[in-house]
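Quick note: to get this note's numbering, add 18 to the position in the sequence shown (first position is 1). Even for Gly, the Cβ is constructed at its ideal location relative to N, Cα and C.
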Amino acid sequence: TYACANYIIYLCDELTKAYAKEFKVPSETIYTASDMAISPAITENREFIISYCGNLGIERHKCLIEVASILQEISPELHIDVYGRAREKRVEDELKACPGIRFHGFVQYDVVNQVIAESDLVLHVESFDDFYKEDLKFGFSTKIADLLSSGKCFLLYAPDCYACSKYLIENEAAYVVSEKSKLKDTLVEIVNNPQARGKYRQRALKLAEKNHRSQKNVERFQRVLCDVAMVVG
């Protein structure tokens with residue numbers, strides 16, 4: 019199918035680079051878009067809110083438990099509010115058994131927007147299990163676009179070999195922790211230093227404007243269709 023195509027659109031640059039070596043077909047990257055509104059930083063004195071909204075498959079819950087356990091070492095008042103559907107009972111049970119996690123289950127997208135807007139720190143995690151690394155190396159969660167667009171402090175806890183990690187590191191658009199030994203120091207900095215929470219904000223918003231705006235991506239796709247139609251015609 020790829021070899022017969024006139025043009026190929028990929029989800030992320032890492033995928034584009036890898037497949038372009040194999041298939042000599044014109045191609046480009048069009049990232050997932052987001053219309054998430056920019057939320058201002060929260061300044062009032064209240065509980066520090068850390069949120070994860072997303073898929074709980076591929077053993078992501080194990081990473082959330084690791085982060086939550088370290089947060090509890092920093093302060094027993096720190097928790098992760100987890101929103102997502104646990105398709106296996108064992109996943110839900112393990113999350114509920116962790117003192118540093120408050121499990122809320124699945125919520126609709128409009129609620130996700132509200133949760134992110136009210137958060138001080140938003141998380142995304144990917145599995146460190148060797149079993150998944152080959153399959154996930156080109157993985158790029160749809161939530162990345164929303165979290166970059168939100169204007170919130172964004173922490174990714176994932177191996178640095180994954181496409182999403184490389185993307186955020188190269189663009190300096192979020193905190194990226196790829197070793198458990200560095201997780202606690204990073205969390206301490208984020209929780210205790212409001213200035214640190216704004217460290218990547220402008221670069222994240224700039225990246226969102228460049229690659230994750232719906233109208234821009236529509237225009238890119240329309241251009242591809244017109245170009246291909248002219249060639250085929």
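Item to check | valine 109 in three-state terms, based on DSSP | outcome: Of the three classes helix, strand and coil, the one that applies to valine 109 here is helix, per DSSP.
Checklist entry - When DSSP labels each residue in this structure, what does isoleucine 48 get in the three-state scheme? => result In this structure, isoleucine 48 counts as coil in the three-state DSSP scheme.
Item to check | Proximity below 8 Å, CB of aspartate 138 to CB of isoleucine 76 | outcome: Result no, Cβ atoms of aspartate 138 and isoleucine 76 do not sit closer than 8 Å.
Checklist entry - From which residue to which residue does the alpha helix (DSSP H) around histidine 79 run? => result Segment 78-92, the alpha helix (DSSP H) holding histidine 79.
Checklist entry - Any idea what DSSP makes of valine 129, helix, strand or coil? => result Valine 129 falls in the helix class under three-state DSSP.
Checklist entry - Around the C-beta of glutamate 95, are 16 or more other C-beta atoms found within 10 angstroms, so that it is buried, or is it exposed? => result Exposed.
Next on the checklist: Along the chain, where does the alpha helix (DSSP H) containing tyrosine 218 start, and where does it finish?
Outcome noted: For tyrosine 218, there is no enclosing alpha helix (DSSP H), as DSSP marks it with neither H nor E.
Item to check | Nonlocal neighbours in the same chain, by C-beta distance under 8 Å from arginine 78, ignoring five residues either side | outcome: Within the same chain, arginine 78 has close Cβ partners Gly72, Val143, Glu144 and Ser145.
Checklist entry - Which value, in whole angstroms, describes the spacing of the CA atoms of alanine 51 and tyrosine 185? => result Answer to the nearest angstrom: the Cα atoms are 15 Å apart.
Checklist entry - In chain order, what residues of the same chain have a beta carbon less than 6 Å from the beta carbon of arginine 103, not counting five sequence neighbours either side? => result Counting only Cβ-Cβ distances below 6 Å, and skipping sequence neighbours, we find Phe124.
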